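Inspection log for the structure reproduced underneath, given as C-alpha cells.
In this note's numbering, the protein residues as written are 9 to 266.
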C-alpha cells in the first residue's frame, strides 16, 4: 500500500541519516573505537541529533499515523545501536586478550619508562597495545623485559619498519627534545603511523587538564581539584540529565518488556 511504501522510504532515509550522523560525529574513526568513553559519547550525541531531526519530521508529516513509528522506532533504534557498540566493545576486548586486534607499538624514552609501558600494556591487554620494539638512548642490554631494543630515538623510523609497527609512543620520561619530537613527527608523516606522547602526570581527571602554548611549546595546565559549588551542580545536572535521557530512549523497549 501507499502508506507502507511511505513508511519504508521514511525508515530508509532515517537509517541513511543515522549512518551519516555517526560518520560526522567520527564514531567510526580508529582512534575512538574501543577507547575510553569517547566512542559511546559520540554515539549518544549522534543519536540525539537523529532523534531531533526525526521529531521535527514527525511533526511536519501530514498523516498522524506515520508519526508513531518514527517517534517510537528512532529511540528504539538508538538504544539498539548503543547496545551494539557495547557488545562490539566486549567482543573486541576478548579478541585483544587473545592477542588479536592489537596496535603494535614502538616505545621511545628512558629504559625505566619504557619498561613501565611494557608492563602496563601486558597487565591490560584489552586496551589494545602491545610493545614490539624499543628505542632507548642509553640501554643496558639488547632488550627490555623481552622487547628488543632497536637503537636510539633517532632510529625510530627504521625500528617501525623492522618491527612492522603502526604506533610510536613517546613515554613520560624521555630524553627526546622538542625539536627531535617535531622531526620525528615529520619523519613518520604520511606513513599511517600514529604518534602518542605520554604526559608526565597520572591520577588527574581530564577536565582538570588544559593545553596552553608558550612560544610554540605545548604545556599542560593542571587545575586544583575542586568539587563544590557550580562544578558540583553542573556535574549533577549532567549526570541526572543523561540518566533521564537514556531512560526516555529506553522507555519504549521497557514498555514492551513490561
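Idealized CB from N, CA, C, for every residue including glycine.
Since we're looking at a predicted model, the values are computed, not measured.
Quick one: what's residue 187 bridged to in DSSP?
None, per the DSSP bridge assignment.
Just how far apart, CA to CA, sit residue 104 and residue 40?
16 Å
Can you pull the DSSP bridge partners for residue 137?
111
Locate the alpha helix (DSSP H) running through residue 125, then write down its first and last residues.
119-131
Give the straight-line distance between the Cα atoms of residue 251 and residue 245, rounded to the nearest whole angstrom.
10 Å
Return helix, strand or coil for residue 152, following the three-state DSSP convention.
strand
Residue 263 burial status per 10 Å Cβ neighbour count (16 or more: buried)
exposed
For residue 179 and residue 124, I'd like the C-alpha separation in whole angstroms.
9 Å
Rounded to a whole number of angstroms, what is the C-alpha to C-alpha distance between residue 86 and residue 55?
Looking at the two C-alpha atoms, the distance is approximately 6 Å.
Option in 81, 64 and 61 with minimal Cα separation from residue 257:
81
Beta-carbon separation of residue 157 and residue 150 under 8 Å?
yes
Would you call residue 62 buried or exposed, if buried means 16 or more other Cβ atoms sit within 10 Å of its Cβ?
Of the residues assessed, residue 62 falls on the buried side of the cut-off, its CB having 16 or more other CB atoms within 10 angstroms.
Which term fits residue 136, buried or exposed, when burial requires 16 or more other beta carbons within 10 angstroms of its beta carbon?
buried
Which stretch, first to last residue, makes up the alpha helix (DSSP H) that contains residue 168?
164-171
By the three-class DSSP mapping on this structure, what secondary structure does residue 202 have?
strand
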